[in-house]
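Down below is the structure, laid out as structure tokens.
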Amino acid sequence: MYQTMALAVVALFVGAYLRRRIHFLEAFCIPAPVIGGLVFAIITCVLYVAGIMDLEFDETIKNVCMVLFFTSVGFQANMKVLKSGGKDLLIFLIAVFVLIVCQNGLATGLSKVLGIDPLIGMCTGSIPMIGGHGTAGAFGPLLEDMNVTGATTLATAAATFGLIAGSLMGGPISNRLIMKKDLVKTAVPEDDTLLVEEEEKHHRSVSMYAPAMYQLAIAAGLGTVVSYFLSMTGMTFPVYIGAMIIAAIMRNISEYTGAFQIHMGEINDLGGICLSLFLGIAMITLKLWQLADLALPLFVLLLGQTIFMYIFARYVVFNVMGHDYDAAVLTAGICGFGMGATPNAMANMQAITAKYVPSVKAYLLVPIVGSMFADFLNSLTVTFFINFLH
């Protein structure tokens, strides 16, 4: 267990080094654990195929880090922000939910056309697209327990593809809309208090990291009880779902009663550390040789997701969000986190707003929906799909 964790950290450092040196990796916001872990996975794949060595890992720490990371995600589900966001936030949230459902529907539908298990298709749906590498690493083992060989490797490969594709397509779609429809004239200054978190999001205090860790531990512990009762329904849930629910309840009790303080800045930092360790272990334990037989179906499934993302961003999001300048910037954003992660979405929008003018609405909606609500909705939706298909 300790050796596995140490190797994951080495992979983190290697990934961070390569990311600094290779502009492509930095430009597309590829996470350091993914870079270093992929290098390690390629080496282990060569050793395995050559018959030299087959490494076995203890993934205990990976599962602990996974639960703590998704617990930190649960703490971000602040209903006050959703309420204060008004109509625009609600419409955008509904659009993201529709995107999640459609990504899974497309993945399972294409799987049936290709004659493969729909659960294999799920490895290219919203698990890696909306969810990214974190959700891919979490649901992969769950699908493997359902006899989907190489599910974690498939989902991780799809997540890496999504990061690149989402970053490549977002800017050009938005730029073309703005130029073709002369949308800059529709850009108007907005009140930047539209959506305001009551706590200082970026404030950190060294003395508060311990209480933040304790809050994560309490939510994770109580979450096991919730998960136990959920499992009695006969449905299959990811191990962290109870912890996410408890964390969301704790956050909103704090917001509405003021009885205690949730240390969100510190919780986000701790969640980020856990995510890096979780991803590092998930990546070094990949078995890339399991992708060989599914190379062609994987290509078709990912091509389908890319085409759908273009259509959804260009024709659905742009129109329902008001077909103006802000809507065009939002199309760049949803390509970023709809196929990759919130940092990719922000990078897409930054490229557009740097060329034209700022979009306060887009800069408020995308981080809130992308980081606070999308993962929560995605986990619940994916769980429903898996239980329906299994």
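This note's numbering numbers the first residue of the sequence shown as -11 and each following residue consecutively. Note that CB positions come from ideal geometry on N, CA and C, so glycine has one too. A quick note: this is a predicted structure, and the numbers were derived from the prediction, not measured.
In terms of Cα proximity to L70, the closest of S60, I82, T59 is I82. Listed in chain order, the non-local C-beta contacts of G211 below 6 angstroms within the same chain comprise G230, A231, I234, local neighbours out to five positions each way being set aside. Taken atom to atom, the span from the alpha-carbon of G328 to that of G74 is near 26 angstroms. In this structure, the CA atom of S219 is about 22 angstroms from the CA atom of T140.
For the pair T144 and D257, the Cα-to-Cα distance works out to about 23 angstroms. Nearest neighbour of D76 by Cα position, chosen from M309, I322, S155, turns out to be M309. For D314, the enclosing alpha helix (DSSP H) begins and ends at 313 to 327. Rounded to whole angstroms, V101 and C111 show a C-alpha spacing of 16 angstroms. Between C323 and M117, the C-beta spacing is not below 8 angstroms.
One thing to note: H121 has its Cβ no nearer than 8 angstroms to the Cβ of L0. Its Cα nearest to that of Y351, the residue N336 stands out among I272, N336, S367.
At least 8 angstroms separates the beta-carbon of A(-4) from that of A20. Around M134, the same chain offers L107, H378 as residues with beta carbons nearer than 7 angstroms, after the five sequence neighbours per side are excluded.
Leaving aside the five residues that flank S114 on each side, the residues in its chain whose CB is nearer than 7 angstroms to its CB run, in chain order, I88, Q91, N92, N366, T369, V370. Counting only the Cα atoms, L6 lies some 8 angstroms from L13. When DSSP states are grouped into helix, strand and coil, V308 belongs to the helix group.
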